[in-house]
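Chains as they are written, first to last, in UniProt numbering: chain V, 1 to 883; chain B, 1 to 651.
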């Protein structure tokens with residue numbers, strides 16, 4: 001159709017006069033419709049026509065003022081003819097070249113369900129969406145494309161977020177893909193759908209880049225709403241250090257209108273956009289704008305880490321970009337949450353290829369600040385890396401105390417929130433320290449200490465336990481203070497009436513705010529508990545004592561070990577690959593050490609707690625851990641799917657071989673009375689599938705040999721002892737029935753895997769009696785008489801040479817063995833006679849061959865053999881141990 | 001700074017109680033079954049519409065709801081979709097269609113068809129339907145799988161297109177008339193893939209029917225192409241088959257070249273020919289050197305190797321799947337991630353994607369429901385079990401369901417940027433796209449058998465094991481069972497053992513001590529690592545040397561035989577033998593079949609030129625280590641969900 005339009009355009013353009021053009025168009029239409037048999041085609045042509053007409057009308061307007069009218073009029077006749085000729089050509093072209101019909105873009109449909117709490121701008125109305133977002137204090141917008149599977153997945157998570165935040169965060173969604181929509185025009189190039197952006201009241205939107213799961217998104221929103229805490233004392237800094245991996249402390253003048261503070265604030269927000277997954281704290285220490293002499297104070301930033309504290313260089317510019325770069329470049333931790341982004345990434349590779357790493361898989365609740373298992377890891381890592389540095393000693397102790405405090409405050413909060421009557425809660429609330437920043441941004445109420453005091457009477461016993469453990473003077477002081485202040489609650493509150501309205505109805509009055517705050521704490525608690533129940537190690541629950549052998553192991557052994565925690569609910573898949581099903585573990589928690597250099601991983605088999613984890617690390621450092629042979633084949637997983645192995649096999653119609661795994665491999669090949677042929681294959685190698693039918697055919701041919709077993713194993717997935725780990729696939733190995741160490745590999749490099757070659761390989765390696773039996777079996781499967789005869793004669797000659805050989809043996813043997821050999825010789829003699837005179841008596845021949853190979857008849861022989869075997873076996877064991 | 005606003009932020013620190021899912025479950029068995037059924041419905045919708053509106057035309061037009069002939073008038077979609085019916089378990093419909101097809105005697109028609117498309121779609125489709133007919137419960141003729149009506153039909157088509165191979169160079173014409181052979185005045189320019197994409201179908205045909213001519217011409221064409229590679233080891237995209245001069249000088253892995261590489265690997269596996277793998281490995285060295293940039297594969301000039309077109313083509317996406325077959329999962333995943341990124345940007349992959357501007361290429365914005373991406377995903381999922389790949393599959397399924405579905409079928413996407421539809425549904429949508437999607441979501445499908453079990457059948461050749469897995473898909477996703485080829489080709493020749501040979505070569509047959517093959521455990525020191533590296537480099541150098549040693553002889557005559565088998569050194573001298581009474585000359589063969597078959601016009605073969613054929617003399621032609629894969633590095637077991645490892649010992 002394109003050519004058609006073009007030609008018409010040319011015609012009309014040349015004419016420069018609309019009348020004739022329209023006329024010729026009419027003709028064309030007539031021609032077209034009548035010449036076109038295909039109704040659909042005609043319809044298509046019509047629509048195109050209308051388009052071209054409108055095009056020409058535009059032309060008409062343009063050309064109206066030209067003076068070509070007269071000239072054109074004269075030319076009309078000629079042009080008409082020309083046009084008709086052209087049109088005929090065009091029509092022909094259109095008929096032969098079926099120009100395809102093209103449909104419109106898919107129309108817009110609501111993406112979110114009707115009753116959703118998310119406002120869905122499914123037609124891409126960006127302007128109204130923007131307006132609404134700006135009117136709200138805080139909004140969270142999802143820009144989506146309706147066809148994207150990722151968007152559909154995120155939609156469900158987004159709705160969960162909306163369910164909990166919709167009252168206070170404007171949750172909306174915009175179809176930003178819809179062609180022709182406002183949003184599409186604005187943002188035409190999006191690489192990844194959906195795009196999630198949070199808009200604070202002022203400033204730019206902050207993009208959310210974390211995992212697209214509701215808990216992480218909620219963590220993000222919470223972080224944006226409360227991006228930092230205000231600190232006033234060193235004690236607070238220490239406390240923050242103990243509960244976080246690192247702390248960024250900015251000391252700025254935070255008076256309204258302060259530019260320094262604005263920069264810091266936007267830095268913090270941008271950090272949240274970059275990475276919401278880490279356990280990093282931001283704190284602000286306010287300083288006056290000017291010192292006593294009237295000189296302005298310079299703002300500064302400190303980065304507190306586990307091993308050192310760094311100061312943001314004075315000469316660096318005070319801009320968000322530069323600060324952010326400095327933080328990300330210098331930031332170092334000794335433990336961290338690894339959050340695989342689930343896109344093309346090297347996250348694990350960076351950690352694992354550099355040094356051995358300990359992975360702690362444990363459920364994480366992103367909305368909760370502390371996680372006891374993670375804190376345990378933190379503590380252990382500090383101990384491991386602690387080479388007598390006082391800083392780490394202190395930090396370590398703080399972490400330990402923090403864990404206990406956390407446990408008790410959590411327990412208290414649970415108790416408190418279980419009490420439904422609000423009045424009681426309010427009366428019980430007091431503040432230990434001066435409430436800070438009640439009317440400002442950074443309010444952070446320390447639930448731990450305060451709450452532990454709030455119900456002093458009820459939980460006195462608990463607290464005393466806590467104090468015993470911590471053994472710190474301040475604690476008892478705190479407890480006393482708390483009890484005192486608890487009684488003086490009303491009076492205490494009065495102190496803070498200065499800056500606030502006295503009105504009871506004012507929601508921002510301290511008392512009301514506190515009430516509100518407590519309600520929210522409880523709600524938050526209920527949600528987080530429902531989402532992922534808090535778990536605590538046995539140590540904090542039962543106050544176990546631990547050995548401290550781990551202290552300073554790094555310096556003693558000089559073995560670097562890095563410590564990472566992974567959310568077992570999100571990354572259980574990696575654990576599965578290491579043979580650990582976290583869902584079967586206590587608390588869904590497991591610990592694994594992975595050492596790439598030795599291509600080994602070690603699994604902590606007991607439930608993870610303070611004692612077992614430390615022992616695990618100590619024995620790793622001592623090299624006493626056994627290498628784990630667990631892999632994905634060792635566990636039952638509901639989330640990993642692969643072709644099912646056929647265990648039941650109808651021998652009449654099918655042929656199967658046994659599929660081994662790392663558990664069944666050794667027992668199978670170690671069978672004393674069986675020779676085993678194992679084919680190593682790999683799912684990652686199609687050459688293996690390409691020849692596995694050969695293996696099946698040979699297994700089928702040799703099925704009458706009961707003494708030989710055929711089996712397969714996936715050599716890539718299964719972890720086997722080193723001496724059985726193969727370098728390439730496919731590999732076929734023959735393990736003889738007795739001398740297991742004499743196993744042989746099929747020469748895959750020089751011989752193609754074919755039925756005759758594989759048989760020849762086996763025949764060359766079978767012991768002579770087994771070989772004889774095999775040859776007989778093969779003879780029976782020949783199709784032609786002459787072939788069979790020559791085959792049988794070769795069996796006969798083989799038998800003769802075997803008799804010859806046995807006779808020689810007999811001469812050397814002692815009396816006990818002679819009986820044995822004599823028995824065999826008898827069978828062989830019978831065989832020889834049968835083969836020579838009546839090879840058709842296959843049943844009889846089979847009986848003698850079976851006797852020759854049977855295990856029962858050489859029981860005496862076995863006992864002799866046992867001794868030899870024991871020696872070789874012992875050697876083999878030694879080899880294993882060394883490796 | 002508006003403190004009030006932020007304060008409000010604090011104030012709304014509110015959460016209500018709600019329901020949560022406990023952790024993210026990636027894909028449970030039930031999820032997979034649901035997805036699988038959705039794909040089945042997708043197939044059924046398109047297939048039923050084809051039968052209703054388009055049969056017996058070649059293709060369905062999903063917007064106009066009618067049919068049209070495109071590649072020939074042979075009900076292309078019906079034949080192409082046939083084995084998908086078996087894979088989805090719809091045996092009754094399969095039987096019905098086979099009954100219709102077998103009433104057809106031959107493919108006699110005075111139409112010009114593409115040799116390439118006819119081969120992969122019609123011959124491939126008939127072959128796989130033939131091989132699967134036992135599985136689908138059709139009563140097979142005695143002698144199946146070496147005999148059968150569908151096989152005869154496939155051979156009939158092959159006989160009609162084989163005329164295209166009658167050229168000076170042995171490389172085929174692109175077009176052939178099903179009745180009269182190569183049309184007079186036909187262009188001598190053929191694309192690389194149009195020359196190198198026959199070995200699977202023709203090899204299978206030769207081995208099933210026992211007529212060696214097909215495999216010979218297909219191999220000959222491959223060797224001819226190999227002989228024309230550029231000095232730096234690259235192949236262009238179009239060549240003049242009369243003169244052997246390259247017409248399209250851009251080298252890439254996509255359009256015009258793609259299935260040549262695919263068939264080298266798959267042919268090596270199916271026919272157990274290490275020399276094909278050698279050709280591939282050699283080409284791969286050049287491809288990785290010149291084409292590969294940041295895991296993309298660009299287009300470069302075949303002689304100099306400088307980049308000419310920095311685009312990703314929709315057709316390139318087969319490459320990761322191919323790499324996964326030879327054990328290079330690492331590179332495969334890296335590249336696949338890039339391709340998937342294009343998919344999520346648009347919801348489809350445009351025919352061309354400009355990598356530098358990161359947008360769809362001008363006038364190449366359409367997506368004709370191509371299967372290459374999902375094909376690679378399916379292969380990689382089978383190899384690794386990575387749930388990320390299932391997610392990629394869902395991405396594809398959702399996009400197609402959302403934007404390509406019409407009341408009567410699924411339509412080509414005209415423009416990936418706005419998802420307008422075009423009135424076409426290529427037959428590969430039913431033959432490939434739906435098949436691979438289905439297989440991705442159905443890990444227990446018989447196609448995925450890894451060779452742990454097989455079916456026994458009785459044939460005149462003896463008891464055969466078939467359906468033992470390891471199916472090789474042709475480039476149109478028609479599976480070929482290697483064990484069936486063995487049953488027809490090797491079984492009659494099978495001599496279970498030969499005593500004299502056994503004794504003569506006992507040392508060779510004895511194999512190696514297992515310990516020689518055991519993987520060396522790295523002891524972790526830097527020294528060991530660097531040693532390994534240098535070994536690796538050394539090996540690379542050796543490989544280059546080996547590449548240099550390969551030379552081709554341009555000799556006259558047709559057939560070649562192997563002589564002087566020297567097993568120890570793995571060298572085979574291939575010599576040209578001019579024994580016209582023993583070797584079948586193509587010209588004679590063609591005359592013969594054209595006389596037999598009255599529907600074919602023999603007149604056009606009067607002037608068959610003297611043939612020049614290529615004989616490969618590759619050092620290590622018996623190097624069967626080419627048909628093995630390296631074990632995966634330890635950490636690669638963790639390479640899931642987008643995680644990638646650099647690997648110490650990767651090729």
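Using N, Cα and C, we set each Cβ at its ideal position, and we do this for glycine too.
Counting C-beta neighbours from all protein chains within 10 Å, is the total for residue i 16 or more, i.e. buried, or is it exposed?
i	result
residue 74 of chain B	buried
residue 892 of chain V	What is shown of chain V runs 1 to 883, which leaves residue 892 of chain V out entirely.
residue 429 of chain V	For residue 429 of chain V, the predicted structure reports a pLDDT of 35, less than 50, and the residue's modelled location is therefore unreliable. A value from the coordinates is still provided. Buried.
residue 621 of chain B	buried
residue 765 of chain V	buried
residue 826 of chain V	exposed
residue 442 of chain B	buried
Just grab the DSSP bridge partners of residue i for me.
i	result
residue 121 of chain V	V:174
residue 240 of chain B	B:189
residue 207 of chain V	V:197
residue 302 of chain V	V:249, V:311
residue 453 of chain B	V:656
Looking only at its own chain, which residues have a Cβ that is under 6 Å from the Cβ of residue i, when we skip the five neighbours before and after it?
i	result
residue 423 of chain B	61, 63, 64
residue 885 of chain V	In the structure displayed, chain V extends from 1 to 883; residue 885 of chain V sits before or after that span and is not available.
residue 90 of chain B	none
Please compile the residues from chain V whose C-beta is within a distance smaller than 9 Å of the C-beta of residue i.
i	result
residue 269 of chain B	686, 687, 689, 690, 691
Near residue i, which residues of its chain fall below 8 Å by C-beta distance, leaving aside the five closest residues on each side in sequence?
i	result
residue 220 of chain V	198, 208, 210, 272, 276
residue 645 of chain B	330, 633, 635, 636, 638, 639
residue 262 of chain B	197, 318, 322, 475
So which residues on chain V does residue i lean against when the C-beta distance must stay under 8 Å?
i	result
residue 645 of chain B	346, 348, 349, 352, 353
residue 250 of chain B	The premise fails here: residue 250 of chain B is roughly 27 Å from chain V at the closest Cβ pair, so nothing lies under 8 Å.
residue 72 of chain B	Within 8 Å Cβ-Cβ: nothing; residue 72 of chain B doesn't reach chain V, min ~16 Å.
Take residue i and list the residues in its own chain whose beta-carbon comes closer than 7 Å to its own, dropping the five residues that flank it on each side.
i	result
residue 56 of chain B	75
residue 404 of chain B	369, 410, 411, 413, 421
Which bits of chain B does residue i rub up against, with CB to CB less than 7 Å?
i	result
residue 577 of chain V	637, 638, 640
residue 704 of chain V	Near residue 704 of chain V there are no residues of chain B at all, since even the closest Cβ is about 13 Å away, more than 7 Å.
For residue i, go through chain B and note every residue whose CB falls closer than 9 Å to its CB, in chain order.
i	result
residue 629 of chain V	By Cβ distance, chain B contributes nothing, its closest Cβ being about 13 Å from residue 629 of chain V, past 9 Å.
So which residues of chain B does residue i contact, with C-beta pairs closer than 8 Å?
i	result
residue 341 of chain V	642
residue 653 of chain V	455, 456
residue 700 of chain V	456, 463, 465
Quick test of the definition: if touching needs 3 or more C-beta pairs under 8 Å, does the segment 750-763 of chain V touch the segment 689-707 of chain V?
yes
Would you check if the segment 231-243 of chain V and the segment 165-185 of chain V touch, i.e. whether three or more CB-CB distances between them fall below 8 Å?
With contact defined as three or more Cβ pairs closer than 8 Å, the segment 165-185 of chain V and the segment 231-243 of chain V are not in contact.
Is there contact between the segment 413-421 of chain B and the segment 440-459 of chain B, where contact requires at least three CB pairs shorter than 8 Å?
no
Looking at C-beta atoms only, is the number of pairs between the segment 547-560 of chain V and the segment 605-621 of chain V that lie closer than 8 Å three or more?
Touching, per the Cβ criterion.
Does the segment 723-736 of chain V come close enough to the segment 487-499 of chain B that 3 or more CB-CB pairs lie under 8 Å?
Of all C-beta pairs linking the segment 487-499 of chain B to the segment 723-736 of chain V, fewer than three are shorter than 8 Å, placing the two stretches out of contact.
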